[in-house]
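Participant: Please read through the structure below; I'll follow up with questions.
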Amino acid sequence: MNGNKYVKSLIEFMDKSVCNFWAVQTIREMLEHNGFCELNACDAWSVTPGGKYYVVKNHSAIFAFVVGDGDAASGFKIISAHSDSPCFRIKPNPEMLTDGGILKLNTEVYGGPILYTWFDRPLSIAGRVMLKGKDALHPETRLVRFTRPLLTIPHLAIHFNRAVNEGNPLSKQKDMLPMLGKINDVAEKNGYVLRMVANELGVKAEDIIDFDLSLYDTTPACLVGEHEEFITSGRLDDLSMAHAAMIALLESNEGNMTRVMAIFDNEETGSGTKQGAASPVLAQILRRIVGCLGGGEEEYLRAVASSFMVSADNAHAVHPNYPEKHDPTNHPVMGGGPVIKINANCKYMTDADSAAVFKTLCDEAEVPCQYFVNHSDVAGGSTLGNILTSQIDLRGVDMGNALWGMHSVRETASTDDHVYAIKAFTRFYNC
Ligand code: ZN
Numbered sequence: 149m150n151g152n153k154y155v156k157s158l159i160e161f162m163d164k165s166v167c168n169f170w171a172v173q174t175i176r177e178m179l180e181h182n183g184f185c186e187l188n189a190c191d192a193w194s195v196t197p198g199g200k201y202y203v204v205k206n207h208s209a210i211f212a213f214v215v216g217d218g219d220a221a222s223g224f225k226i227i228s229a230h231s232d233s234p235c236f237r238i239k240p241n242p243e244m245l246t247d248g249g250i251l252k253l254n255t256e257v258y259g260g261p262i263l264y265t266w267f268d269r270p271l272s273i274a275g276r277v278m279l280k281g282k283d284a285l286h287p288e289t290r291l292v293r294f295t296r297p298l299l300t301i302p303h304l305a306i307h308f309n310r311a312v313n314e315g316n317p318l319s320k321q322k323d324m325l326p327m328l329g330k331i332n333d334v335a336e337k338n339g340y341v342l343r344m345v346a347n348e349l350g351v352k353a354e355d356i357i358d359f360d361l362s363l364y365d366t367t368p369a370c371l372v373g374e375h376e377e378f379i380t381s382g383r384l385d386d387l388s389m390a391h392a393a394m395i396a397l398l399e400s401n402e403g404n405m406t407r408v409m410a411i412f413d414n415e416e417t418g419s420g421t422k423q424g425a426a427s428p429v430l431a432q433i434l435r436r437i438v439g440c441l442g443g444g445e446e447e448y449l450r451a452v453a454s455s456f457m458v459s460a461d462n463a464h465a466v467h468p469n470y471p472e473k474h475d476p477t478n479h480p481v482m483g484g485g486p487v488i489k490i491n492a493n494c495k496y497m498t499d500a501d502s503a504a505v506f507k508t509l510c511d512e513a514e515v516p517c518q519y520f521v522n523h524s525d526v527a528g529g530s531t532l533g534n535i536l537t538s539q540i541d542l543r544g545v546d547m548g549n550a551l552w553g554m555h556s557v558r559e560t561a562s563t564d565d566h567v568y569a570i571k572a573f574t575r576f577y578n579c
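Below is the structure:
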């Protein structure tokens, strides 16, 4: 067993964080356990130098900070990541009854999953439900997670499609619907999922007004490789970076600037929600911190001008079966350390200035680091960094640890790289 405490902590974290809501809940519990106090956006805030606080938005984004020396213009050291991962969301009225009483569920794809990887796995359901609350504007939120496997998406037998291994296009509406069980009476169909959820939560089905529920693979995270070099798990993008940021925040204890961890939702669909990186949520939190320390707009702008952000979202490790997909001279390898992402057309916020900062931090932390640049004929992805700079005038770097199989239901990362990222992030917060 890889005995590294950070790797063990990552495995536990991944198994608890089965969707965006549960990732935020897991982070919240760890922050509470370490003395962080929750601030509610509706209340008046009071923060003090050295104080530890967190703010939750929509139960799916979370922002934690440790206040610096109390000078309102001291600035922020920010690490950002995202809580969401590609998956299947359950549609309203999802029950579909088929021959023999088999009940299947109508779902919608969230983000860009590799559809094939979801077949023939033990799946279950997690998310949040809204219950009747004190008034119409304030429904009560409850998180729900079925831990036992409940569903599977069976693949069509090869006998019905002999060409399946030569490539087989998939319909999200036809091929990807999961089977939930078998019912004896047609009357059971309507409201079946709501009754299941009500049972699980110990509430009445008629008290559930609505839900955000998604599917997840119940297979736990595990280490693989002759020397346990790798971790394989669902949702490593981007929860491995969220975990590294959180551990670094908990373990850092130096510096004058306020240390901030920002975990946004909805990166996989473009960040355009109120809890996403394109919203003003982080800018407003930073502004309120400056205000609590006695500063005004001038101090806020000075603080932002001296801030730095590490936008942490996973990168692609060179795939041994497909080296031709990668850049000939800048292809990150597993175990080669955190990856600085560069793009000539500015899809990433990294420039020579911010890369120099991050390389120096890695150097000081005694961890290796490497570059990712797209193969010039392959279009790459985008991430949080530039989206955030449209809201806050920040200097910063886009980076992330290298993965295999990004957006597969199980992704693979290097255990060494995870430890390196935590060391680099801790050095950043302490510098
Ligand atoms: Zn990501």
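According to my numbering, the sequence shown holds residues 149 to 579 in order. Ideal placement from N, C-alpha and C gives every residue a C-beta, glycine not left out.
Going by C-alpha to C-alpha distance, which of ARG407, GLY403 and PHE573 sits closest to THR508?
Facilitator: For THR508, the nearest C-alpha among the options comes from PHE573.
Participant: Under 7 Å from any heavy atom of the ligand ZN, does the C-beta of ASP413 make it?
Facilitator: For the ligand ZN, not one heavy atom lies less than 7 Å from the Cβ of ASP413.
Participant: Flag HIS566 as yes when its Cβ comes closer than 7 Å to any non-hydrogen atom of the ligand ZN, and as no otherwise.
Facilitator: For the ligand ZN, not one heavy atom lies less than 7 Å from the Cβ of HIS566.
Participant: Using the C-alpha atoms, what's the distance from ALA192 back to TRP266?
Facilitator: When rounded, the distance between both Cα atoms is 45 Å.
Participant: Which residues, in chain order, sit with a beta-carbon under 5 Å away from any heavy atom of the ligand ZN?
Facilitator: In chain order, the qualifying residues are ASP385, ASP386 and ASP461.
Participant: Helix or strand or just coil, what does DSSP make of CYS235?
Facilitator: It is a strand residue.
Participant: Which word fits PRO326, buried or exposed, when buried means at least 16 other C-beta atoms lie within 10 angstroms of its C-beta?
Facilitator: Label assigned to PRO326: buried.
Participant: By DSSP's criteria, ASN522 is part of a beta bridge. Which residues make up the other side?
Facilitator: HIS474.
Participant: According to the neighbour-count rule (16 or more other Cβ atoms, all chains shown, within 10 Å of its Cβ), is SER194 buried or exposed?
Facilitator: So SER194 counts as exposed.
Participant: With a threshold of 8 Å, are at least 3 pairs of Cβ atoms found where one atom belongs to the segment 317 to 333 and the other to the segment 198 to 214?
Facilitator: In short, these stretches do not touch, since the Cβ pair count stays below three.
Participant: Using CA coordinates, which residue listed in MET178, ASP360, ASN152 and TRP170 is at the minimum distance from GLU395?
Facilitator: The residue asked about is misnamed: residue 395 is Ile in this sequence, not Glu. For ILE395, the nearest C-alpha among the options comes from MET178.
Participant: Using C-beta distances below 7 Å, list every residue in its chain close to THR421, excluding the 5 sequence neighbours before and after it, in chain order.
Facilitator: Here the set comprises ASP413, ASN414 and SER427.
Participant: In the DSSP assignment, what residue or residues form a beta bridge with LYS225?
Facilitator: Paired residue(s): ARG407 and PHE456.
Participant: Taking the beta carbon of MET149 as the centre, do at least 16 other beta carbons fall within 10 Å, making it buried, or is it exposed?
Facilitator: Only weak support exists for where MET149 lies, its pLDDT of 47 falling under 50; the value from the coordinates is given anyway. Under this definition MET149 is an exposed residue.
Participant: For THR246, does the count of other Cβ atoms within 10 angstroms reach 16, so buried, or fall short, so exposed?
Facilitator: Exposed, since its Cβ has fewer than 16 Cβ neighbours within 10 Å.
Participant: Which residue or residues does DSSP assign as beta-bridge partners of SER381?
Facilitator: Beta-bridge pairing links SER381 to GLU559.
Participant: Using the Cα positions of PRO516 and LYS330, report the straight-line distance between them to the nearest angstrom.
Facilitator: Distance between the alpha carbons of PRO516 and LYS330 is about 53 Å.
Participant: Would PRO480 be called buried (16 or more neighbouring beta carbons within 10 Å of its own) or exposed?
Facilitator: Buried.
Participant: Quick check on LEU318: buried or exposed, where buried means 16 or more other Cβ atoms within 10 Å of its Cβ?
Facilitator: LEU318 is exposed by the Cβ-count criterion.
Participant: CA-CA distance, ASN469 and PRO476?
Facilitator: Near 15 Å, if we compare the C-alpha coordinates of PRO476 and ASN469.
Participant: For TYR577, does the three-state DSSP call read helix, strand or coil?
Facilitator: Helix at TYR577.
Participant: So, is the C-beta of ASN469 closer than 8 Å to a C-beta in chain C?
Facilitator: The chain inventory of the structure shown lacks chain C, comprising one protein chain alone.
Participant: In angstroms with no decimal places, state the Cα-to-Cα distance between ILE540 and LEU187.
Facilitator: One C-alpha to the other measures close to 21 Å.
Participant: What residues are listed by DSSP as bridge partners for GLY544?
Facilitator: Answer is MET457.
Participant: Which word fits TYR264, buried or exposed, when buried means at least 16 other C-beta atoms lie within 10 angstroms of its C-beta?
Facilitator: Burial call: exposed.
Participant: Count the other CB atoms within 10 Å of the CB of LYS225; is the residue buried (16 or more) or exposed (fewer)?
Facilitator: Per the 10 Å Cβ criterion, buried.
Participant: Per DSSP, which one or two residues make a beta bridge with LEU449?
Facilitator: Answer by DSSP bridge pairing: none, since LEU449 is not bridged.
Participant: So, THR366 versus LEU271, is the Cβ gap smaller than 8 Å?
Facilitator: Closer than 8 Å, so yes.
Participant: Would you decide whether HIS391 is buried or exposed? Buried here means 16 or more other CB atoms lie within 10 Å of its CB.
Facilitator: Counting Cβ neighbours within 10 Å, HIS391 comes out buried, since at least 16 surround it.
Participant: Is it right to say LEU285 is buried, meaning 16 or more other beta carbons lie within 10 angstroms of its own, or is it exposed?
Facilitator: Result: exposed.
Participant: Which complete beta strand (DSSP E) runs does the segment 480 to 523 hold, if anything under 3 residues is left out?
Facilitator: Segments of the beta strand (DSSP E) lying fully in the segment 480 to 523: 487 to 490 and 518 to 521.
Participant: Does DSSP put THR246 in a helix, in a strand, or in coil?
Facilitator: Here THR246 sits in strand by DSSP.
Participant: Within 10 Å of its beta-carbon, does LEU299 have 16 or more other beta-carbons around it, so buried, or fewer, so exposed?
Facilitator: Result: buried.
Participant: Just to confirm, is the Cβ distance from PHE378 to ALA504 under 8 Å?
Facilitator: Contact: no.
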